[in-house]
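Engineer: Residue numbers are given in the UniProt record's numbering: position 124 of the sequence shown equals residue 141, and the series is strictly consecutive.
So that we are looking at the same thing, I have put the structure below in structure tokens.
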Amino acid sequence: TKDWNGIDQVVLRNPHGASVKVSLHGGQVTSWRNEHGEELLFTSSKASFKPPKAIRGGIPVCFPQFGNCASLEQHGFAKNKIWTVDENPPPLHPNDSHGKSFVDLLLKSTEEELKCWPYSFEFRLRVSLGADGGLSLISRVRNINGKPFSFSFAYHTYLLVSDISEVRIEGLETLDYLDNLCKKERFTEQGDAVTFESEVDRVYLHCPNVIAVLDHERKRTYMIRKEGLPDVVVWNPWEKKSKSMVDFGDEEYKHMLCVDGAAMEKPITLKPGEEWTGRLELSVVPSSFCIEH
Ligand code: TA6
């Protein structure tokens with residue numbers, strides 16, 4: 018099918034009616050629906066699809082950097098490039114395709130990137146939808162016998178929530194985090210869960226590989242499982258920052274939360290011929306919990 022401006026997208030479906038949409042623009046997952054057709058990812062109603070800018074929402078793949086800490090554009094160039102479908106990717110583990118509907122995408126370094134990031138890489142992304150409706154993304158970045166290079170990475174995951182003030186994240190308690198709102202100073206999470214009353218923009222460090230995002234109103238929990246991604250970015254712009262973003266509605270902060278599997282504090286370094294794999298698995302489980310006020 019075609020997406021916003023005629024750039025191809027792939028639709029994955031499972032036998033129970035769940036679906037995932039992946040745009041070749043950026044290799045970006047733009048929709049993940051459960052078997053009832055309910056959307057599970059946030060996309061801004063004001064998302065402007067003007068290449069090269071990424072659509073605001075879904076799961077932009079941030080490579081070779083997250084944030085604007087280095088010389089490249091915010092969150093790197095991978096999310097702004099056109100990827101190709103890879104018909105015969107190098108084999109993955111059988112579990113990575115058994116019973117799944119999947120697509121393999123490929124982004125290779127070209128002359129254009131080499132100007133701003135002079136390293137030769139192949140980035141293969143497998144997006145798959147399980148029979149259970151679970152969404153998984155597997156990124157494999159390989160250094161194609163060029164100079165060693167380092168990169169930071171994030172699956173910039175925009176979760177759709179019913180009311181941000183009734184959402185809590187479990188699994189980050191007691192961890193250290195860098196606070197982007199306080200000059201990236203290091204703090205320690207004191208709460209027994211992360212809850213939201215104002216703008217939050219943090220990088221939690223050395224996180225467990227399972228994080229739960231509990232959405233009270235819908236009685237549903239997003240389970241986030243990851244491998245090769247030690248850090249977790251948590252971001253909600255809240256009201257003031259929302260108003261400053263042209264491709265984001267003023268009230269939309271109430272219905273979204275970014276919880277990004279990431280490798281940020283310690284960039285990944287690849288010598289020639291080496292490959293890094295970063296896995297993310299998202300699933301939704303019913304949950305009944307009460308958030309103590
Ligand atoms: O920490 C996450 C972050 O870097 C925030 O500072 C904010 O800029 C957010 O990403 C927005 O990124 P995006 O590319 O989605 O506009």
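All residues carry an ideal CB built from backbone N, CA and C; glycine is no exception.
How would you label residue 246, buried or exposed, when you count the other beta carbons within 10 angstroms and need 16 or more for buried?
Structural biologist: As a first step, residue 246 is located in the sequence shown; it is residue number 229 there, counting from the start. By the neighbour-count rule (16 or more Cβ atoms within 10 Å), residue 246 is buried.
Engineer: Quick check on residue 162: buried or exposed, where buried means 16 or more other Cβ atoms within 10 Å of its Cβ?
Structural biologist: Numbered from 1 along the sequence shown, position 145 holds the residue referred to as residue 162. Flag for residue 162 reads exposed.
Engineer: DSSP state of residue 181, grouped into three classes?
Structural biologist: Taking the first residue of the sequence shown as position 1, residue 181 is located at position 164. It is helical.
Engineer: Work out the CA separation of residue 208 and residue 103 for me, nearest whole Å.
Structural biologist: What you label residue 103 is simply residue 86 of the sequence shown in a count that begins at 1. What you label residue 208 is simply residue 191 of the sequence shown in a count that begins at 1. Taking the straight line joining both Cα atoms gives about 44 Å.
Engineer: Could you check the C-alpha separation between residue 238 and residue 230 for me, to the nearest Å?
Structural biologist: Indexing the sequence shown from 1 puts residue 238 at position 221. Indexing the sequence shown from 1 puts residue 230 at position 213. Residue 238 and residue 230: Cα-Cα distance of roughly 5 Å.
Engineer: Measuring straight from C-alpha to C-alpha, what distance separates residue 310 and residue 300?
Structural biologist: Against the sequence shown, residue 310 aligns to sequence position 293. Against the sequence shown, residue 300 aligns to sequence position 283. Note that residue 310 scores a pLDDT of 38, beneath 50, so its modelled location is shaky; the value from the coordinates is reported in the next line. Approximately 27 Å between the Cα atoms of the pair.
Engineer: Spatial neighbours of residue 59 within its chain, please: C-beta separation below 6 Å, excluding the five flanking residues on both sides.
Structural biologist: The count along the sequence shown starts at 1 and reaches residue 59 at position 42. Correct list, in chain order: 74, 175, 177 and 273.
Engineer: Could you pull out every unbroken beta strand (DSSP E) segment of at least 3 residues lying fully inside the region 183-248, listed in chain order?
Structural biologist: Runs of the beta strand (DSSP E) inside the region 183-248: 184-187, 193-196, 202-205, 217-221, 227-232 and 237-244.
Engineer: Please classify residue 121: does DSSP put it in a helix, a strand, or coil?
Structural biologist: In the sequence shown, the residue the question calls residue 121 occupies position 104. Three-state result, residue 121: strand.
Engineer: Could you tell me which of 121, 55 and 51 sits nearest to residue 41, measuring between CA atoms?
Structural biologist: What you label residue 41 is simply residue 24 of the sequence shown in a count that begins at 1. Among 121, 55 and 51, the Cα nearest to that of residue 41 is on 121.
Engineer: Pairing CB atoms from the region 274-293 with CB atoms from the region 147-163, are three or more of them under 8 Å?
Structural biologist: yes
Engineer: Can you say whether residue 128 is buried or exposed, counting buried as having 16 or more other CB atoms within 10 angstroms of its CB?
Structural biologist: Residue numbering aside, residue 128 sits at position 111 when the sequence shown is read from its first letter. By the neighbour-count criterion, in which 16 or more other beta carbons inside 10 Å mark a residue as buried, residue 128 falls on the exposed side.
Engineer: If you measure from the CB of residue 250, is any heavy atom of the ligand TA6 nearer than 6 Å?
Structural biologist: What you label residue 250 is simply residue 233 of the sequence shown in a count that begins at 1. For the ligand TA6, at least one heavy atom lies less than 6 Å from the Cβ of residue 250.
Engineer: Going straight from the alpha carbon of residue 195 to that of residue 276, what length do you get?
Structural biologist: One-based indexing of the sequence shown puts residue 195 at position 178. One-based indexing of the sequence shown puts residue 276 at position 259. If you draw a straight line from the Cα of residue 195 to the Cα of residue 276, it is about 14 Å long.
Engineer: Enumerate in chain order the residues of its own chain whose CB-to-CB distance from residue 130 is below 7 Å, with the five nearest sequence positions on each side excluded.
Structural biologist: Sequence index remark: in the sequence shown, residue 130 carries index 113 (1-based). Same-chain partners within the cutoff: 94.
Engineer: Tell me whether residue 218 counts as near the ligand TA6, meaning its Cβ is closer than 6 Å to at least one heavy atom of that ligand.
Structural biologist: Taking the first residue of the sequence shown as position 1, residue 218 is located at position 201. Yes, the ligand TA6 has a heavy atom inside 6 Å of this Cβ.
Engineer: By DSSP, does residue 270 sit in helix, in strand, or in coil?
Structural biologist: For the purposes of this step, residue 270 is identified with residue 253 of the sequence shown, where counting begins at 1. Residue 270 falls in the helix class under three-state DSSP.
Engineer: Rounding to the nearest angstrom, what Cα-Cα distance links residue 331 and residue 180 in this structure?
Structural biologist: A question about residue 331 goes unanswered here, because the residues of the chain that appear run from 18 up to 310.
Engineer: Whole-angstrom Cβ separation of residue 282 and residue 232, contact assumed at under 8 Å?
Structural biologist: Counted from its first residue, the sequence shown places residue 282 at position 265. Counted from its first residue, the sequence shown places residue 232 at position 215. With 8 Å as the limit, residue 282 and residue 232 do not qualify as a contact, their Cβ atoms being about 28 Å apart.
Engineer: Helix, strand or coil for residue 96 per DSSP?
Structural biologist: Position 79 of the sequence shown holds residue 96. Three-state result, residue 96: helix.
Engineer: How many angstroms separate the CA atom of residue 35 from the CA atom of residue 164?
Structural biologist: By one-based count along the sequence shown, residue 35 stands at place 18. By one-based count along the sequence shown, residue 164 stands at place 147. So the two alpha carbons sit approximately 42 Å from each other.
Engineer: Identify the continuous alpha helix (DSSP H) that holds residue 131 and give its terminal residues.
Structural biologist: Taking the first residue of the sequence shown as position 1, residue 131 is located at position 114. In the DSSP assignment, residue 131 falls within the unbroken alpha helix (DSSP H) covering 128-133.
Engineer: Near residue 16, which residues of its chain fall below 8 Å by C-beta distance, leaving aside the five closest residues on each side in sequence?
Structural biologist: As shown, the chain starts at 18 and ends at 310. That puts residue 16 outside it, with no answer to give.
Engineer: If you draw a straight line from the alpha carbon of residue 307 to that of residue 92, how long is it in whole angstroms?
Structural biologist: By 1-based counting over the sequence shown, the position of residue 307 is 290. By 1-based counting over the sequence shown, the position of residue 92 is 75. Caution is warranted here: a pLDDT of 45 is assigned to residue 307, below 50, making its placement in the model unreliable, and no coordinate value can be reported.
Engineer: Fully enclosed by the region 24-77, which beta strand (DSSP E) runs are 3 residues long or longer?
Structural biologist: Counting only runs that start and end inside the region 24-77, the beta strand (DSSP E) elements of at least 3 residues fall at 26-30, 36-40 and 45-50.
Engineer: Under DSSP, the alpha helix (DSSP H) around residue 259 begins and ends at which residues?
Structural biologist: On the sequence shown, residue 259 is found 242 positions in, with the first residue counted as 1. Taken as a continuous stretch (DSSP letters only), the alpha helix (DSSP H) holding residue 259 covers 255-260.
Engineer: Let me check one thing: in DSSP terms, what residues is residue 277 bridge-paired to?
Structural biologist: Counting from one through the sequence shown, the residue named residue 277 turns up at place 260. In DSSP, residue 277 forms a bridge with 250.
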